[in-house]
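Colleague: Each residue of the sequence shown is one higher than the last, beginning at -11 in the working numbering.
Glycine included, every Cβ here is placed at the ideal spot set by N, Cα and C.
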Amino acid sequence: MSEDDMSEHIMRAVTISEFGGPEVLTIEEVARPVPLPTEVLVRVHAAGVNPVDWKTREGQGMAGLQTFPLILGWDVSGVVEEVGFGVTTLAPGDEVYAMPWFPRAASAYAEYVTAPARQWARKPATLDHVHAAAVPLAALTAWQTVVDTAHVRAGQRVLITAAAGGVGHFAVQFARHLGADVIATAGAARHPWLKELGADETIDYTTTRFEDAAADVDVVIDLVGDAHDQTSTRSLKVLRPGGLLVTIPAGVSPELAQAAKAAGMHITPYLVEPDGAALTTIAGLIDAGQIAVEVEETFPLEEAGTAHARGEAGRTRGKLVLTVTD
Ligand SMILES: NC(=O)c1ccc[n+]([C@@H]2O[C@H](COP(=O)([O-])OP(=O)(O)OC[C@H]3O[C@@H](n4cnc5c(N)ncnc54)[C@H](OP(=O)(O)O)[C@@H]3O)[C@@H](O)[C@H]2O)c1
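#1: How far does the beta strand (DSSP E) with Trp62 in it reach, from first residue to last?
#2: Check the Cβ-Cβ distances between Leu147 and every residue of chain D, and say whether any is below 8 Å.
#3: May I ask you to list the residues that DSSP assigns as paired with Lys307?
#4: Can we count Pro237 as close to ligand 1, meaning its CB is less than 7 Å from some heavy atom?
#5: Shortest alpha-carbon distance to Leu128 belongs to which of Val101, Arg197 and Met87?
#6: Among the candidates Pro10, His33 and Leu289, whose CA atom is the shortest distance from the CA of Asp314?
#7: Could you check what DSSP says for Asp204 in three-state terms: helix, strand or coil?
#8: Let me check understanding here. Comparing Cα to Cα, which of Pro21, Val2, Gly66 and Ala79 lies closest to Trp42?
#9: Expressed to the nearest angstrom, what Euclidean distance is found between the alpha-carbon atoms of Val22 and Leu29?
#10: Pull up the CB-CB distance for Ala138 and Leu232, whole angstroms please, since I reckon it's below 8 Å.
#11: Quick check on the DSSP output: the beta strand (DSSP E) that includes Leu53 runs from which residue to which?
#12: Which of the three DSSP states is assigned to Arg298 in this structure?
#13: Is the beta carbon of Val135 within less than 7 Å of some heavy atom of ligand 1?
#14: For Val140, collect the residues of the same chain with a Cβ closer than 7 Å to its Cβ; drop the 5 residues on either side in sequence, then sort them by chain order.
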């Protein structure tokens, strides 16, 4: 086989062979995936970085579902290179974005990704690949909780914790888009921006306990969890009787379920699912100028470890994204 033929079969990817800190992320040459029938091969231009990436890297998150060597990453924006037998909805050259395969590995920190055709959607036309790669996992989480789980309606009061992060900044905008009154928790520096995104009230969690500042809330979208200052348990105090708490980081412990029941509140855990159709709807809202996408910083693929360390510090405004190819 000539060197050119060889290079068609290999790609660069960030792999891990053991769980650990950012240093376990190493760039390697690996076999390029081949699309099976109904799958699409995409040349990755940018890959979004999410907390589940570093949680899985260190042996938590979705770690129990993976095998080594593992290529992390779920968010992709890129261009269709090849389609498998039977695919009629996409063709080579189409610009697409997705959060495929979750919770199985999608292996997005790489030059090529394959996934079922219908887990992809056409990338928002008004976004470049970097901004499109910031959308899928975070926006699907916000959409599937605010719209599909809580069925938020106009006039409801919705409290969103960690509103300035990846999921939060989409959740604020989706809830506002549906006509809800949105209360957002974030450090004070993020308040003017969150108001621009549609938050009606902002609470600085570093100086004020949100249960002292908010009440009669219909829905809490909790992106912080009980691991930090009992945030989920404290969320029960702001809900109106019969209100709904969606706990996003770490499920619902038996104690929390019991506390919700005793308080007369509804509570549910949640895990994001691939959804090409929802990504098409979200792309439409973005292209109509209804939803903004915030990318705080980009890193080349080789610097995935630096991106993880930045994200793990917990202060990201919007999203971090890896650039893979031009
Ligand atoms: N279940 C699922 O399917 C699912 C899906 C997506 C995400 N998640 C989980 O949801 C959580 C949020 O994800 P993400 O992507 O939005 O994270 P992220 O972007 O890394 O969140 C960073 C933001 O969190 C804010 N923050 C940190 N501690 C806070 C606190 N105590 N109160 C209010 N804001 C606080 C920071 O605001 P300041 O800088 O102002 O402090 C920062 O803007 C993670 O634990 C993630 O693993 C779960």
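Modeller: Looking at the coordinates:
#1: Element bounds for Trp62: n/a, residue is neither H nor E.
#2: Among the protein chains of the structure shown there is no chain D, as only one such chain exists.
#3: Val283
#4: yes
#5: Met87
#6: His33
#7: coil
#8: Val2
#9: 7 Å
#10: 6 Å
#11: Run containing Leu53: none; DSSP gives neither H nor E here.
#12: helix
#13: no
#14: Val134, Val146, Ala163, Leu166, Ala168 and Val207
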